[in-house]
Amino acid sequence: MSEGVRGSTMKKGKVVSSATNFIRKRKEKWRPSLNGSEDPHEGSNKNESVSPLSPTDSGINASNDEALYDDGSEGSSIVDSSFSTPVGKKGLENYVGFANLPNQVFRKSVKKGFQFTLMVVGESGLGKSTLINSLFLTDIYCPSQYEDAASKFGKTMAVNASTFELREGGVRLQLTVVDTPGFGDNIDNTDCWNSVIQYIENKFEDYLNAESRVNRITVQDTRVHCCLYFIAPTGHGLKPLDIEFMKKLHNKVNIVPVIAKADTLTADECQRFKQQILKEIDAHHINVYRFPALSDDESESDLALLRRLPFAVVGSNTVLEVGGKKIRGRMYPWGIVEVENIEHCDFIALRNLLIRTHMQDLIDVTNDIHYENFRSERLSVLTGGGNSITSAALNINPMEQIEREREEQEKKLKKMEQEMEQVFEMKVKEKKKKLKDNEIEFNRKFEVTMETLELNRNELIKRRSNLEKEREQFEAQYQLDLNSTRSSDKEKKKKQKFF
3 MSEGVRGSTM KKGKVVSSAT NFIRKRKEKW RPSLNGSEDP HEGSNKNESV SPLSPTDSGI
63 NASNDEALYD DGSEGSSIVD SSFSTPVGKK GLENYVGFAN LPNQVFRKSV KKGFQFTLMV
123 VGESGLGKST LINSLFLTDI YCPSQYEDAA SKFGKTMAVN ASTFELREGG VRLQLTVVDT
183 PGFGDNIDNT DCWNSVIQYI ENKFEDYLNA ESRVNRITVQ DTRVHCCLYF IAPTGHGLKP
243 LDIEFMKKLH NKVNIVPVIA KADTLTADEC QRFKQQILKE IDAHHINVYR FPALSDDESE
303 SDLALLRRLP FAVVGSNTVL EVGGKKIRGR MYPWGIVEVE NIEHCDFIAL RNLLIRTHMQ
363 DLIDVTNDIH YENFRSERLS VLTGGGNSIT SAALNINPME QIEREREEQE KKLKKMEQEM
423 EQVFEMKVKE KKKKLKDNEI EFNRKFEVTM ETLELNRNEL IKRRSNLEKE REQFEAQYQL
483 DLNSTRSSDK EKKKKQKFF
C-alpha cells in the first residue's frame, strides 16, 4: 500500500472514530439517568435548545445512520428512536410549514363542499317554506309546485326531501330541506311523529351501513342536522302535540323551537309566550338545542342573540323598497314588518346562529351525540345487548346467522325492487301524460295552423277572382278602344281619298 493511500486511510479512521465518540457522548447526554429522572436537560437550562449536528461538529456527514436529525426547526435536536422520553415544548426560529395546516384543511373542505340537512316540522299555514326562502335570501323552496290536485284533499302525514346546491363566495353547500306536509292537520294526530322518527333513523342506518362497507367510498351525509319546530302563535303555551313530538325526538335530532308568524303577537305577548314555552320545556325535561357561546369573551350583543330562544320569526317572499333600500318584509295598513330588523322579530338572530356561526356545531353534535347514540344501540343489539358478547350470542349457529342475513338482504332487495317499480311506473305515467299533453298541444296548433292556411287560401282565391275580373274588364275596354281607334283611322283614310 502506498504512503498516500495509507495516510488517507488513517485520516479516515480518525475521523470516523472521533465522530463515533462524539455521537456516543451526545446520546449519553440525552439518555435518561439511572435514578429515574426523565428530564434529559436536568441540571441545565430547560429552555436551551440543542443545535443539530453538522459536518463541522462531528467530522462526518449529517445523515449518519446512528443519529436522526430534525433540522429546520427552532430548537431542533437529535431524536433517538430507541428512547421514549417526553418531548419538551420548543419554539421555532425559522418557518417550517406546519402552521399552514389550517389553510390545507380549508382548501380541502372548500373543494369537497359541505352538506347540511334541515328539517321543518309544523302545522300547515305557519310559513315554513317562506322562512326557508327568507333564510337563504332566495326562492329555493316551493312545496306547492310538487303537489297535484289530488293531494289537496285527504292529505296524510308524509316526509318529503328536496336537495339544492347553493354557492356563496366560492363555497358549495348541498342543502337538503325535509318537509313534513300534513303534520298536525288531522283530528287524531296519534303517532304522527313516527314517520319523522323513521326517516331520521333510516338516515342514521344508511350512514352506518356506508361506514361499515369493506370498500368505502365517499360517504354522503344525509343525516338530519337540525329540526326547526314551528309553534303556532296562540300565546297560551305549547300544545300537547308540541310537547309529545319534542319528547319523542329530542334525543335523535337537534330541535330548535320557532314561534311562527310572530307579527300576530304584540311585544309583551311575545315575551310572555316565550317564557311560558321555556317553562314548559324545562318542566317536561325536553332537551332542545342550546346554541353554545363561541368564546368566553363573547360580546354582549352575541349573548343577547343566544337569549332570544325560542325565536319569534316572520318570513316573507315579498321584496319591498323602503327609503331607497330593498328589504324582505310584510306590508300592513299600519306599517311594514321588516324581516331582517331585530326590533321587529328574531329572524336575523336565528339566521346568524343557525347558518353563520353554529352550522358546523349542529353537524358535530349530530355526529358525536345523536348518531353515536344510535350507533351504540345498534352495536349493542349485535353483541347481545351489552358491552361484551354474551353466551347466547356465542351459541348462535353461524349457518342460521348467515341464513337470517340472507333473508334480510332478500327483503331489502324486494323492497328496493318494489320501490324501483313504483318509481318506474310513476315515471312512465309522467312520460305518457307528457306525451299526451304534447300530442294535444300539437293537434291544437295544427288545427290553428290549418284554419289560418284555409283563411289565407280563401283570401287568395278571392283576390285571384277579383284580379281575373279586372283583367277581363281591362281587355274588353282595351278591345273597344282598339276598335274605336281603327274605325276612326278608316274614316280619316276615306276622307283623304275623297278629297
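Mind the numbering: the sequence shown is residues 3 to 501 in the working numbering, read in order. Yeah, the Cβ is synthetic: ideal placement off N, Cα and C, and Gly gets one too.
Extent of the continuous beta strand (DSSP E) run through residue i
i	result
I134	Premise fails: I134 lies in the alpha helix (DSSP H), K130 to L137, not in any beta strand (DSSP E).
F232	C228 to I233
N105	Run containing N105: none in the beta strand (DSSP E); it sits in the alpha helix (DSSP H), L103 to K114.
L352	Run containing L352: none in the beta strand (DSSP E); it sits in the alpha helix (DSSP H), F349 to R353.
F166	N162 to E170
R174	V173 to D181
Residues near residue i in its chain [Cβ-Cβ closer than 7 Å; skip 5 each side]
i	result
V198	V123, V161, T182 and L251
G237	L267, E271 and F275
V221	Y209, A212 and E213
F206	R225, Y373 and F376
L307	A351, N354 and L355
Distance cut-off 7 Å: residue i Cβ against heavy atoms of the ligand SAM
i	result
E379	With respect to small molecules bound, the structure shown includes none, and the ligand SAM cannot be examined in it.
Buried or exposed (CB count within 10 angstroms, at least 16 for buried), residue i
i	result
T224	buried
H287	exposed
N256	buried
S83	Only weak support is given to the placement of S83: the predicted model assigns it a pLDDT of 42, under 50, and the value that follows is read from those uncertain coordinates. With fewer than 16 other Cβ atoms within 10 Å, it is exposed.
G1	The requested residue 1 is not part of the displayed model; the chain covers only 3 to 501.
K254	buried
A351	buried
G331	buried
M248	buried
D370	exposed
C229	buried
R406	exposed
R353	buried
M333	exposed
Residue i vs residue j beta-carbon contact at 8 Å
i	j	result
I134	H227	no
V180	T119	yes
A262	V341	no
P312	V260	yes
D265	V339	yes
E203	I245	no
Q507	G239	Only positions 3 to 501 of the chain appear in the structure, and residue 507 is not among them; the question remains open.
Q176	G115	yes
Residues near residue i by beta carbon distance below 8 Å, same chain, minus five either side
i	result
E125	F185, G186, D187, F232 and A234
P294	H360 and D363
E477	none
Y291	C228, N256, I257, V258, L364 and V367
Y97	none
Inter-residue Cα distance where the pair is residue i and residue j
i	j	result
M452	E461	14 Å
N217	R109	26 Å
K416	E423	10 Å
C194	L243	9 Å
V173	S164	20 Å
R309	D348	11 Å
E213	R380	13 Å
Y201	R377	16 Å
N289	D190	26 Å
A269	H346	9 Å
K447	L484	54 Å
G127	K429	30 Å
K435	N343	47 Å
V383	K241	35 Å
N196	M121	15 Å
N105	I219	25 Å
I463	L469	10 Å
Q117	T178	8 Å
S490	E472	27 Å
L168	V450	43 Å
N102	I404	50 Å
P335	G171	39 Å
E456	R466	15 Å
Residues of its chain near residue i, where Cβ-Cβ distance is below 6 Å and the 5 sequence neighbours each way are ignored
i	result
G317	G129, T132, L133 and S136
L482	none
R488	none
Any C-beta of chain C under 8 Å from that of residue i
i	result
A306	Checking the listed chains, one finds no chain C in this structure; it contains a single protein chain.
Alpha helix (DSSP H) segment containing residue i, residue limits
i	result
K327	Counting along the chain, K327 falls outside any alpha helix (DSSP H), though it belongs to the beta strand (DSSP E) covering K327 to Y334.
D208	N196 to S214
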